[in-house]
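A.B. asks: The structure follows.
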Amino acid sequence: MNTCLLEMGLEEVPAQMIQPAAEQLRQCALQFCKNHQLGEVQVRSFSTPRRLALVLENLPDQQPNRTKELKGPPLVIAQTPEGEWTKAAEGFARKHGIDLDAAEIRKIGGKAYLFVSRNVAGQSTGSLLKDNAPNWLQQLSFPKNMRWGSYRTRLIRPVRWLVFLWNGTVLPLSVENVQSSRETRGHRFLCETPVALNHAKEYEAALEQAHVVADPDKRKQRILDQIRELEGVQGFRVETEVELLDEVTNLVEWPTALVGEFDERFLELPPEALVTSMAVHQRYFPVYDARQSNLLLNRFVTVRNGDERSLTTVQQGNERVLRARLSDAQFFFNEDRKHAPEYFLAKGGQAVFFQGRGSQQDRGFRIQQLTERIAEQLDFSPEQRQQASRIAELCKFDLQTQMVYEFPELQGVMGGHYARLLEEPEVVCRGIREHYLPGYAGDALPQNLQTVPVALADRLDQLAVAFSLGMIPSGSADPFALRRAAQGVMQLLLGLQLELCSQDLVAAAVEVLTKQQNPDLETVKLHQQLAGFLLQRQRWQLREQGLAHDVVEAVLKGEQTQPLWQLRMAQYLESVQSQPSFKLQVEAVLRAVNLSQKNPLPPEFAVNPERFAHKAEHALHVVVAALPDHITSPESFMETLAQLEVPITRFFTEILVMDENPETRHNRLGLCQWISAWSLQHLDLRELVFPGE
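For what it's worth, the working numbering labels the leading residue of the sequence shown as -15, then goes sequentially.
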């Protein structure tokens, strides 16, 4: 069996782009092996900041021989009525080098076609790789592809070298002016000369000798091992957050972990400010007391891209950089503490939220008004309403602080700290921080109930403002994260089991915005667009929970707009959908619904019991007249549905609804319309698909 190596050397690629690119390359190779029937080929991916590489092992000498079926012209064109081959058939045979005597006649869609089979010899794997590998590199997609110099190739960074080996033989490959060879590159500073590879199998070991750990998983494990060793020696605990560890792994080729320190006075800063300065801005790992898990120490772990030489110098350099950043943070923190929240709220009056929709201060007023309305819908006590209103009033004040201006990641976090220093109630301090939750699908939800109306109001106002300005997401473009905001609304309503109607929330958001900013807004259109957008997110949310498409459509196309009710109804529908009795109940109701839809009456039409001539009409009217206007649970809806089955079936069995007498006909259709309106008020049973249909 054979081994192939493909390596593309580049200038340093941004860390977050390396693994997606490496996976793209691996998928190209896997698809290539599948398409060409090369068997169980092992495809290994390697990547560092300066290279993307593949090693394909267990490659056969050539792909297997195969039979290829060729579809020719229709038989009416390929043969004359006398059975002679036409020029069309002869041209087909000549083009593919086959004998028409071996042709077969097959029918496709009732039409006869000419078919022939041709034996195709397998190509050598090396030649297939030579022809296909250039496409793999050309198909690489980065978030920011660029052109370099006068070349047409678009990549994230310039290509510096190429290695393309079939066992020990160099295969030809070029990217602009760079030609493939057997020479790779080691560490930029620890191995200054090119590394010649005699065989593709040598790749990983040869780079190890050249101070490059090419396998990202092994590189990550080496970093973890070094950190654990430092923990054992130093007696502290290092927080190795997954995303940071992955980023650091893709920043180095030869990792060496070391410990640094900073002045203890900086521990007066909020822990989040310290962690952000270290982890987000400097890619350092925060260090905690081993006995008190949440107690930050004035130390950090960083990973250099090099060996253990001059570690003291490297340590001092990193300490100097962090000291400058923490000094700035401490200055901003102290300056912010000189002012009350009202000072920053007033500053928000000079900060535009959206052009044409007021300032951040205006937005704060809207959030507060909307919060009070939602709190009322949630039946908050007077104390809870007051707390929710205070959270809403202060939830955005920290956006104008110097600390958040320098560290945007700390919005909400710093507001909570500043409020706590000013002795605001703890529920308010936590609410300022938690109203940003959830930040993404699957994120935590606010713990305090008083925070919930603020979190909803924040997102609803953002959506209403954006939609009023025509900033509606289209395709994959969503620069203002409106889908995430709408998704957050649904996560709050469903995750916290809030019995709130999305239509009511939208109406409140539109009304508050209109009154403050523009009484001339097209409120009806805005309401429809925003409600439809939330409905799409609700559809996505229900499908994500594994609910069937037909069930989701049934509940969403009803007139009920409470997401929690829709979720519970959808779950209940799935549990009873396979029951024969439920299918009979639905079919009975649908007879009335379908007949009503085909023969509509004015909405105000009233059934007149005095015109009933049959007992079946009276029996159905008794049940229909008792239909509850408000269904509190899916179970009660199903109970009512079951009560309708027998009288509806009897009604259609014993009576001709479409009577010749218009008054009689309309009266009977009125019963059907009554049933239809009640049914559609809750869900659209027409969308349901039963097993076997």
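Note that the Cβ used here is the ideal one computed from N, Cα and C, for glycine as well. Please read these numbers as outputs of a predicted model, since none were measured by experiment.
So, is THR(-13) buried or exposed, given that buried needs 16 or more other C-beta atoms within 10 angstroms?
C.D. replies: buried
A.B. asks: In three-state DSSP terms, what is MET(-15)?
C.D. replies: coil
A.B. asks: Ignore the nearest five residues each way along the sequence and tell me which others in GLN678's own chain have a CB closer than 7 Å to its CB.
C.D. replies: One cannot answer for residue 678 here, as it falls past the ends of the chain, which runs -15 to 677.
A.B. asks: Between which two residues does the alpha helix (DSSP H) holding PHE16 run?
C.D. replies: Bounds of the alpha helix (DSSP H) holding PHE16 are -1 to 19.
A.B. asks: Are VAL305 and LEU242 closer than 8 Å when you measure CB to CB?
C.D. replies: no
A.B. asks: Using only CA atoms, which one of ALA372, LEU579, LEU505 and MET622 lies nearest to LEU440?
C.D. replies: ALA372
A.B. asks: Take the Cβ of ASP115 as the centre, count every other Cβ of all protein chains shown within 10 Å, and call the residue buried at 16 or more, exposed below.
C.D. replies: Here ASP115 is exposed, its C-beta having fewer than 16 other C-beta atoms within 10 Å.
A.B. asks: What residue from ARG417, LEU394 and GLU393 has the CA that sits closest to ARG404's CA?
C.D. replies: Closest option to ARG404, Cα to Cα, is ARG417.
A.B. asks: When you compare only the Cα positions, how much space is there between LEU531 and GLN555?
C.D. replies: Distance between the alpha carbons of LEU531 and GLN555: 7 Å.
A.B. asks: Around the C-beta of PHE315, are 16 or more other C-beta atoms found within 10 angstroms, so that it is buried, or is it exposed?
C.D. replies: exposed
A.B. asks: Decide if ARG350 is buried, meaning its Cβ has at least 16 other Cβ atoms within 10 Å, or exposed.
C.D. replies: buried
A.B. asks: Which residue from ALA37, CYS17 and SER29 puts its Cα closest to that of GLY(-7)?
C.D. replies: Ranking ALA37, CYS17 and SER29 by Cα distance to GLY(-7) puts ALA37 first.
A.B. asks: Answer with buried or exposed for GLU(-5), where buried requires no fewer than 16 other C-beta atoms within 10 angstroms of its C-beta.
C.D. replies: exposed
A.B. asks: Rounded to a whole number of angstroms, what is the C-alpha to C-alpha distance between GLY342 and LEU354?
C.D. replies: 16 Å
A.B. asks: According to DSSP, simplified to helix, strand and coil, what is MET642?
C.D. replies: Note: MET642 maps to coil in three-state DSSP.
A.B. asks: Among all the DSSP beta bridges, which residues are the ones paired with GLY244?
C.D. replies: DSSP, once it has assigned bridges, lists PHE284 as partnering GLY244.
A.B. asks: If you follow the alpha helix (DSSP H) that ARG468 is in, where does it begin and where does it stop?
C.D. replies: Where ARG468 is concerned, the enclosing alpha helix (DSSP H) stretches over 466 to 479.
A.B. asks: Is there contact here, the stretch 438 to 456 with the stretch 317 to 331, by at least three beta-carbon pairs under 8 Å?
C.D. replies: no
A.B. asks: Would DSSP call GLN525 helix, strand or coil?
C.D. replies: helix
A.B. asks: Pick from MET262, SER101, ALA572 and PHE173: whose alpha carbon is nearest that of LEU604?
C.D. replies: Nearest of MET262, SER101, ALA572 and PHE173 to LEU604, Cα basis: ALA572.
A.B. asks: On a Cα-Cα basis, can you pick out the residue from ALA72, PRO127, ALA73 and LEU59 that is closest to VAL(-3)?
C.D. replies: PRO127
A.B. asks: PRO57 lies in the beta strand (DSSP E); which residues open and close that run?
C.D. replies: 50 to 58
A.B. asks: Are there 16 or more other CB atoms within 10 angstroms of the CB of ILE92, so buried, or fewer, so exposed?
C.D. replies: exposed
A.B. asks: Which same chain residues end up closer than 6 Å to ASN49 when comparing Cβ atoms and leaving out the 5 residues on each side of it in sequence?
C.D. replies: The residues are ALA105 and GLY106.
A.B. asks: Taking only the alpha-carbon atoms, compute the straight-line gap between GLU647 and GLU495 and give it to the nearest angstrom.
C.D. replies: 44 Å
A.B. asks: For a test of the three-state rule: what should DSSP assign to THR109, helix, strand or coil?
C.D. replies: helix
A.B. asks: In chain order, what residues of the same chain have a beta carbon less than 7 Å from the beta carbon of LYS541, not counting five sequence neighbours either side?
C.D. replies: Closer than 7 Å at Cβ, skipping near neighbours: ASP668 and GLU671.
A.B. asks: Span of the alpha helix (DSSP H) holding THR296?
C.D. replies: 295 to 320
A.B. asks: What is the residue span of the beta strand (DSSP E) that TRP145 lies within?
C.D. replies: 143 to 150
A.B. asks: Please state the DSSP three-state secondary structure of ARG404.
C.D. replies: It is helical.
A.B. asks: What does DSSP give as the partner residue(s) for THR168 in the beta ladder?
C.D. replies: VAL179
A.B. asks: Scan the stretch 593 to 626 and note each continuous alpha helix (DSSP H) run of 4 residues or more that stays entirely inside, going in chain order.
C.D. replies: List check, alpha helix (DSSP H) in window: 599 to 609.
A.B. asks: Assign ASN289 to buried or exposed, taking buried as 16 or more other Cβ atoms, counted over all protein chains shown, within 10 Å of its Cβ.
C.D. replies: Under this definition ASN289 is a buried residue.
A.B. asks: Which same chain residues end up closer than 8 Å to LEU235 when comparing Cβ atoms and leaving out the 5 residues on each side of it in sequence?
C.D. replies: Within the same chain, LEU235 has close Cβ partners ALA(-1), PRO33, ARG267, VAL287 and ASN289.
A.B. asks: If distances are taken between C-alpha atoms only, which option among LEU628, HIS614 and PRO587 comes closest to VAL607?
C.D. replies: LEU628
A.B. asks: For the alpha helix (DSSP H) that SER343 lies in, which residues bound it at each end?
C.D. replies: Boundaries cannot be given for SER343, as no alpha helix (DSSP H) includes it and DSSP labels it neither H nor E.
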